[in-house]
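Colleague:
Residue numbers (mature numbering (1 follows the signal peptide of the UniProt record, and there is no 0)): -19 to -1, 1 to 127.
(1) Under DSSP, the beta strand (DSSP E) around residue 5 begins and ends at which residues?
(2) Under three-state DSSP, which class holds residue 92?
(3) Below 7 Å between beta carbons: does that hold for residue 14 and residue 20?
(4) Which residues mark the beginning and the end of the alpha helix (DSSP H) in which residue 64 is found?
(5) Given 8 Å as the limit, is there contact between the stretch 75 to 87 and the stretch 22 to 32, that is, 3 or more CB pairs closer than that?
(6) Would you mind working out which of 35, 39, 107, 57 sits nearest residue 8, comparing C-alpha positions?
(7) Are the Cβ atoms of residue 31 and residue 45 separated by less than 7 Å?
(8) Can you tell which of 36, 87, 97 has its C-alpha closest to the C-alpha of residue 69?
(9) Please list the terminal residues of the continuous alpha helix (DSSP H) segment that includes residue 109.
(10) For residue 116 versus residue 36, is the C-beta spacing smaller than 7 Å?
If you want it as structure tokens, here you go:
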């Protein structure tokens, strides 16, 4: 009985600790999270990158890093919070390769204490390589790159 109680309390403690960790998810997990939990998918890349590859359908474009690698986390967080339907809505950050989304996600989790923050491992590249559709984004350009 004591072992069972110990294991149960350990499980609860572990879940509490992991609640404020950045989740690293793959494409099937992201799709399931979107379908079952209405996850907010945010593409944090630059406008140039959006034009080059398109974005994941139904994702929101909200650039995190500028072309020099600088960012205003508080401003970005303010914009992101306007997009969330609730404080518990899962968020999935997407970049080109997974590096920037991991950095941004860790900042949101560790500095601002946000929960339900995830990033798409390896970024949008596997999405494109697998042949999933993208939504084109070509402001001010004559034509998108195909």
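Glycine is no exception: its CB is placed at the ideal position from the N, C-alpha and C atoms.
Modeller: Taking the coordinates as given:
(1) For the purposes of this step, residue 5 is identified with residue 24 of the chain shown, where counting begins at 1. Start and end: 4 to 6.
(2) Start at 1 with the first residue of the chain shown, and residue 92 comes out as number 111. Coil at residue 92, not helix or strand.
(3) Start at 1 with the first residue of the chain shown, and residue 14 comes out as number 33. Start at 1 with the first residue of the chain shown, and residue 20 comes out as number 39. Going by C-beta atoms, residue 14 is nearer than 7 Å to residue 20.
(4) By 1-based counting over the chain shown, the position of residue 64 is 83. 54 to 64 is the span of the alpha helix (DSSP H), which, as asked, contains residue 64.
(5) yes
(6) The residue you call residue 8 lines up with position 27 of the chain shown. Per the Cα distances, 107.
(7) By one-based count along the chain shown, residue 31 stands at place 50. By one-based count along the chain shown, residue 45 stands at place 64. Taking 7 Å as the Cβ cut-off, residue 31 and residue 45 do not qualify as a contacting pair.
(8) In the chain shown, counting from the first residue as 1, residue 69 sits at position 88. Of the candidates 36, 87, 97, the one whose C-alpha sits nearest the C-alpha of residue 69 is 97.
(9) If you number the chain shown from 1, residue 109 lands on position 128. It spans 106 to 110 - the alpha helix (DSSP H) in which residue 109 sits, taken as one unbroken run.
(10) For the purposes of this step, residue 116 is identified with residue 135 of the chain shown, where counting begins at 1. For the purposes of this step, residue 36 is identified with residue 55 of the chain shown, where counting begins at 1. Yes, the Cβ-Cβ distance between residue 116 and residue 36 is below 7 Å.
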